[in-house]
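Residue numbers (our numbering): 3 to 293.
Given below as structure tokens:
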């Protein structure tokens, strides 16, 4: 991923790609990416010494993991990443706030045309709530949902939308550590979804089970958390492509729960499955992979 701050950031002398952790330092003092130095060693034809690609100074060959890391450079990389993440978030927040302003104007216009209690106005209020949720202004989001949900609940053609909104409300309660309220809304959503779709084999149901499992993990109910996350994975493997990012997210959460349960071999197995999907779908340099 290109730097937002410095297009001339230092690059690894072998791959000519930006430095990334872990770095490795040769005795001469020149720094390389771990993968680049590993490749250099592999292609050294068994020679007992290795020539630095920059200064050509030779040193005794070691296993790549035995070369020290350049922690000073890595700290600078972390600092750079934090700055970039901050800028990226500020830009995204600005885009969302512009959308909020636009939706507020749209809502006022719809009220004049269709009336305060129209479905058009209700849809707009839900969208406002979703936008506030995206920038973590949860109190404003909740106010929108509380205004719109009673109207949605009276409409037979909005059942799936009501259930999704229940899930979002549940996520807000989870983020606020109100886990019992969170589970209450997830369970309401699940009941509506199964009734609406006539089956559990639906993408929305898979998402709800994942949310329930993750919330249970926050309550240290690891066996129940695993049960829900496994249900989510089973559904997603049936209704989505095996390499879908949501399948990867299920693998990740199951791996975390196995880690909580101190079943580390299982945790590593599922984390690696998740990582493989993320690399395949997002690329090695995506923040969700490299982080």
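Glycine is no exception: its CB is placed at the ideal position from the N, C-alpha and C atoms.
- Taking buried to mean at least 16 other C-beta atoms within 10 Å of its own C-beta, is residue 77 buried or exposed? Residue 77 sits exposed, since fewer than 16 C-beta atoms from the chains shown fall within 10 Å of its C-beta.
* Report the residue ranges of all alpha helix (DSSP H) runs contained in full by the stretch 121 to 161; include only those spanning at least 4 residues, in chain order. => If only complete runs of 4 or more residues are kept, the stretch 121 to 161 shows the alpha helix (DSSP H) at 121 to 136 and 140 to 154, in order along the chain.
> Mind checking whether residue 191 and residue 218 have CB atoms under 7 Å apart?
Replying inline: At a Cβ-Cβ threshold of 7 Å, residue 191 and residue 218 do not count as neighbours.
query = Among 207, 242, 263 and 245, which residue has its Cα nearest to the Cα of residue 226?
reply = Comparing Cα-Cα distances from residue 226 to each of 207, 242, 263 and 245, the minimum goes to 263.
*How long is the line joining the alpha carbons of residue 107 and residue 221, rounded to whole angstroms?*
The C-alpha of residue 221 is placed about 41 Å away from the C-alpha of residue 107.
Worksheet item: Could you give the C-beta distance for residue 15 and residue 34, rounded to a whole number, given that I count them as a contact under 8 Å?
Response: With a Cβ gap of about 6 Å, residue 15 and residue 34 count as contacting.
Original post:
Using a Cβ-Cβ cut-off of 6 Å (strictly less than) and excluding sequence neighbours within five positions of residue 127, which residues of its own chain qualify?
Top reply: Result list for residue 127: 146, 149 and 150, in chain order.
* 8 Å CB neighbourhood of residue 70 in its chain, flanking five on each side removed -> The beta carbon of residue 70 sits closer than 8 Å to those of 26 and 27, all from its chain and outside the five residues before and after it, given in chain order.
Discussion item. According to DSSP, simplified to helix, strand and coil, what is residue 62?
Written reply: If DSSP states are grouped into helix, strand and coil, residue 62 belongs with the strands.
- request: With a cut-off of 8 Å on the beta carbons, I'd call residue 133 and residue 110 a contact; round off their distance for me.
  value: About 16 Å separates the two Cβ atoms, so there is no contact after all.
> Within 10 angstroms of its Cβ, does residue 293 collect 16 or more other Cβ (buried), or is it exposed?
Replying inline: Residue confidence for residue 293 is low, a pLDDT of 49 falling below 50, so the modelled location carries little weight; the figure read from the coordinates is stated next. Its Cβ having fewer than 16 others within 10 Å, residue 293 is exposed.
Give me the residue from 215, 38, 102 and 94 with the minimum Cα distance to residue 129. Measuring from the Cα of residue 129, the nearest candidate turns out to be 102.
Roughly how many whole angstroms lie between the Cα atoms of residue 180 and residue 87? In this model, residue 180 and residue 87 are separated by some 28 Å (Cα to Cα).
- Query: Just the Cα atoms here: how many angstroms apart are residue 123 and residue 116?
  - Reply: Between the alpha carbons of residue 123 and residue 116 lies a distance of about 8 Å.
If we count the other Cβ atoms within 10 Å of its Cβ and call it buried at 16 or more, is residue 57 buried or exposed?
-> By the beta-carbon neighbour count (other beta carbons within 10 angstroms, threshold 16), residue 57 is exposed.
Residue 52, DSSP secondary structure in three states: DSSP places residue 52 in strand when its eight states are reduced to three.
*asked:* Spatial neighbours of residue 40 within its chain, please: C-beta separation below 7 Å, excluding the five flanking residues on both sides.
replied: Here the set comprises 66.
Is the CB-CB distance between residue 282 and residue 257 below 7 Å? No; because the gap between Cβ atoms is not below 7 Å, this pair is not in contact.
Quick check on the DSSP output: what are the complete alpha helix (DSSP H) runs of length 4 or more inside the stretch 196 to 254, in order along the chain? Here the runs fully enclosed are 205 to 220 and 224 to 241.
Quiz item: DSSP on residue 46, reduced to helix/strand/coil?
Solution: In this structure, residue 46 counts as coil in the three-state DSSP scheme.
Evaluate residue 313 with the Cβ neighbour count: other Cβ atoms within 10 Å of its Cβ, from every protein chain shown; 16 or more gives buried, anything less gives exposed. Look at the range of the chain in this structure, 3 to 293, and you will see that residue 313 is not part of it.
Bounding residues of the alpha helix (DSSP H) (the contiguous stretch that carries residue 35) = Note, residue 35: premise wrong, no alpha helix (DSSP H); beta strand (DSSP E) at 33 to 35.
- Please go through the same chain and pick out, in chain order, the residues whose beta-carbon is closer than 7 Å to the beta-carbon of residue 113, but skip the five residues on each side of it. Hits under 7 Å: 123.
Drop a sphere of 10 angstroms on the beta-carbon of residue 165, count the other beta-carbons inside from all chains shown, and report buried for 16 or more, exposed for fewer. By the 10 Å Cβ count, residue 165 comes out buried.
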